[in-house]
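*Asks:*
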Amino acid sequence: MNDRYDAGYGADGGAPYELVGYDEYGRPVYRQATDQQAQQAQQYDAYQQQGYGYDPYRTGGHQQPGYDPYGTGAGAPQQPQAPSYDSYDPYGAQQGTQQDGRSGQDAPYDPYGQLGQTGQQPPVTEQTAHIPQQPGPAGDDQEPDGSAPEYRTEQFAFVEEPDGDSEDVIDWMQFTENRTERREEAKRRARSRIIALAVVFALVAAGGVGYLWYAGKLPGVSDSGTGTGTTTAAGAQKRDVVVVHLHDTTNGGTATALLVDNTTTEQGTTVLLPNSLALTGDDGSTTTLAKSVEDDGSEGTRTALDTVLGTDIEGTWRLDTPFLLTLVDLVGNIEVDTDTDVPDPDAKKKGEAPLVKKGKGQTLSGKMAVAYATHRGSGEDQNAQLERFGQVMHGVLRKMTSDPDAATVTVQTLGQILEPPLTDKDLGAFLARLSERAKGGDHKSALLPVQEDGTLTAEASDSVVKDVLGGTAKSPDKNAAVSVSVRNATGTKDNTEKARVVLLNGGFTFRDAGAAGAAEASSEVVYADAADKENATEVAKTLGLPADSVSKGKTSANARVSVVLGQDYEPGS
């Protein structure tokens, strides 16, 4: 049963309710009427007085006999018409006025009880009664004016609130799709990493093999042929070589060394070259290193050294003793383990304290360094003095700056003129690199061993020429020409040059042995090997010396026949 409120509801249990309007959905709103209003309502309730108690919202929908709520007369027995009341018109129309072609007497009953224009109630100030929200009767889907009700979206919960199950399905599909994409992306990244690692490994392996091959450390590729793979491929290494000639401007004589920077092994070496080293002169004759420096100059000596040692010397640095003194002072003194006492050349009396003392870690000034580098004791071989020169050069390199620009400034400060193609910048950068080697313990000195005749031995070829210089020894052929050393003891300086010309014209190789301290009366021609007796006899004949001047004895280290010219020598004879 549809428990609705109507105008007559509650009359038996309390104050009746009266219709005050309609809510936003078209449903009637009632309130509890006062006693006075209830009496007025009863006077206007003509239908109740006549016994027409019709409730349009009751579920049965029954009508009182003879009553048509819409005045159509259809589907109901004819009943006497209800009298009209002037005080209440449910549609607000004037009595006797025609509405839609019908008179006021047969105006239909308004089931919603809308107030007419002349039957409005005064404003009500008391509280409106709460109307329980109940659905209307079946078929209540029209507005009071007969039009279809207007529905808004907020009346339908399913429009605003999506289905939770649908969202869960969408989220699951998105999660599954994203997880699949992540897996595929992870696989692609893994494949990319594997490929990159394989490429890097291949490059590293190739580079390592290439380096081992370049360094001669691959098994079976060793230069030595031992198969150990521990010998560096000396010929494939990159070296920068500069020859330096120390000229003693006070006592005379020279000392020569090769400064070598191996950029492949990052090793520096000072190769000391004895003055007796046999070289081939510009005219094809055999000469010594000392003689070549004096006679052939820098260019001729550099070419001869390249031929003998198989090197590629880039430039010549002529270092006179005054420049060496300045260089040591510029770098701030040097430290050398000296092997002997060196007297002061400026000492006025004998027995004075030596300028350089023997001992380890001796600090040498420029003057002291020059004295030590050029010192050659009584009875000492020239190699002793050469090794002291090497010690001084090592000390200079350790104290020199490793910055190429600063080293260039040091070279320029010396004020010397370098021989082309060597420049100040080239020499400065070269010395800076060697300085870096010396400071790091990667620099050493090596003496080139030569035989008594000045030629190179197999030992020299292996230990120095091949390993350090990366070259091949090519000493002058002994059979090409007989080497003859000449010492002038005639007391006449020009006799040396006259003897040289005569010997060269006779097919011999001339080597200058210097001048004797005192003149000698008789000349001598000496040979050491019995095979050279005939050659010695031919030398005496060429110089115009008597045959009895030829004898067997000790010869110079770089000559097969040694000659001492005495006062009996007559040039041109």
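Just so we're aligned, residue 1 is where the sequence shown starts under UniProt numbering, counting upward by one. Every residue, glycine too, gets a C-beta built ideally from N, C-alpha and C.
1) To which residues of the same chain is ALA516 closer than 8 Å at the C-beta, ignoring the five residues directly before and after it?
2) Which residues mark the beginning and the end of the alpha helix (DSSP H) in which LYS552 is found?
3) Just to confirm the assignment: which complete alpha helix (DSSP H) runs, minimum length 4, are found wholly within the segment 318-349?
4) Can you tell me where the beta strand (DSSP E) with ASP424 in it begins and where it stops?
5) Are the beta-carbon atoms belonging to SER483 and THR509 less than 7 Å from one another?
6) Check for me: the alpha helix (DSSP H) holding PRO28 runs from which residue to which?
7) Check HIS394 in the structure and name its three-state DSSP category.
8) Comparing C-alpha positions only, which one of GLU294, MET393, ALA198 sits nearest to LEU325?
9) Assuming the contact rule is C-beta atoms closer than 8 Å, SER292 and LEU279 should be a hit. Round their C-beta distance to whole Å, please.
10) Whole angstroms is fine: what's the gap from ASN383's alpha carbon to GLU335's?
11) Nearest to residue 577 by alpha carbon, out of GLU570, GLY390, MET368?
12) Going by C-alpha to C-alpha distance, which of GLU538, TYR569, GLN567 sits closest to VAL561?
13) If you follow the beta strand (DSSP E) that ALA278 is part of, which residue opens it and which one closes it?
14) Can you tell me whether DSSP reads GLY268 as helix, strand or coil?
15) On the CB-based measure, 16 or more other CB atoms within 10 Å of its CB, does ILE417 come out buried or exposed?
16) Below 7 Å between beta carbons: does that hold for ALA473 and LEU447?
17) Measuring straight from C-alpha to C-alpha, what distance separates TYR527 and VAL411?
18) Could you tell me whether the Cβ atoms of GLN243 and ILE313 are closer together than 7 Å?
19) Which whole-angstrom value is the C-beta distance of ASP329 and GLY361, which I expect to be below 8 Å?
20) For GLY252, count neighbouring C-beta atoms within 10 Å of its own C-beta (all shown protein chains included) and say buried if the count is 16 or more, exposed if not.
21) If you draw a straight line from the C-alpha of ALA438 to the C-alpha of ASN333, how long is it?
22) With 16 as the cutoff for other CB atoms within 10 Å, does GLU436 come out buried or exposed?
23) Could you give the distance in angstroms between the alpha-carbon of ARG500 and the alpha-carbon of GLY553?
24) Give me, in chain order, the residues of the same chain whose beta-carbon lies closer than 6 Å to that of GLN78; leave out the 5 immediate sequence neighbours on both sides.
25) Can you tell me whether DSSP reads GLY300 as helix, strand or coil?
*Replies:* Taking the coordinates as given:
1) So the list reads ARG487, ASN488, ALA489, VAL564, once near-sequence residues are dropped.
2) Careful: LYS552 lies outside any alpha helix (DSSP H), inside the beta strand (DSSP E) at 550-552.
3) Listed in chain order, they are 321-331.
4) In the DSSP annotation of this structure, ASP424 is not part of any beta strand (DSSP E); the continuous alpha helix (DSSP H) holding it starts and ends at 424-439.
5) Yes, the Cβ-Cβ distance between SER483 and THR509 is below 7 Å.
6) Counting along the chain, PRO28 falls outside any alpha helix (DSSP H), though it belongs to the beta strand (DSSP E) covering 28-32.
7) If DSSP states are grouped into helix, strand and coil, HIS394 belongs with the helices.
8) Looking at GLU294, MET393, ALA198, the one whose alpha-carbon comes closest to that of LEU325 is MET393.
9) SER292 to LEU279, Cβ: 5 Å. Contact.
10) ASN383 and GLU335 have their C-alpha atoms some 21 Å from each other.
11) With the chain represented from 1 up to 573, any question about residue 577 goes unanswered, as that position is not in the structure.
12) Taking the Cα of VAL561 as reference, the smallest distance to any Cα among GLU538, TYR569, GLN567 is reached at GLU538.
13) Here the beta strand (DSSP E) through ALA278 covers 278-280.
14) In this structure, GLY268 counts as strand in the three-state DSSP scheme.
15) Exposed is the call here.
16) Against a cut-off of 7 Å, the Cβ pair of LEU447 and ALA473 comes out as no contact.
17) Take the alpha-carbon of TYR527 and the one of VAL411: they are about 48 Å apart.
18) Residue 243 is actually Val in this sequence, not Gln. Yes, they are a contact pair.
19) The C-beta distance from ASP329 to GLY361 rounds to 19 Å, too long to fall under 8 Å, and the pair is not in contact.
20) Around the beta carbon of GLY252, fewer than 16 other beta carbons lie within 10 angstroms, which makes this residue exposed.
21) When rounded, the distance between both Cα atoms is 16 Å.
22) GLU436 should be labelled buried.
23) So the alpha carbons of these two residues sit roughly 22 Å apart.
24) A caution first: GLN78 carries a pLDDT of 44, below 50, which makes its placement in the model unreliable, though a value can still be read off. Close CB contacts of GLN78 within its chain, under the 6 Å cut and outside five residues either way in sequence, are absent.
25) In the three-state scheme derived from DSSP, where H, G and I count as helix and E and B as strand, GLY300 is classed as helix.
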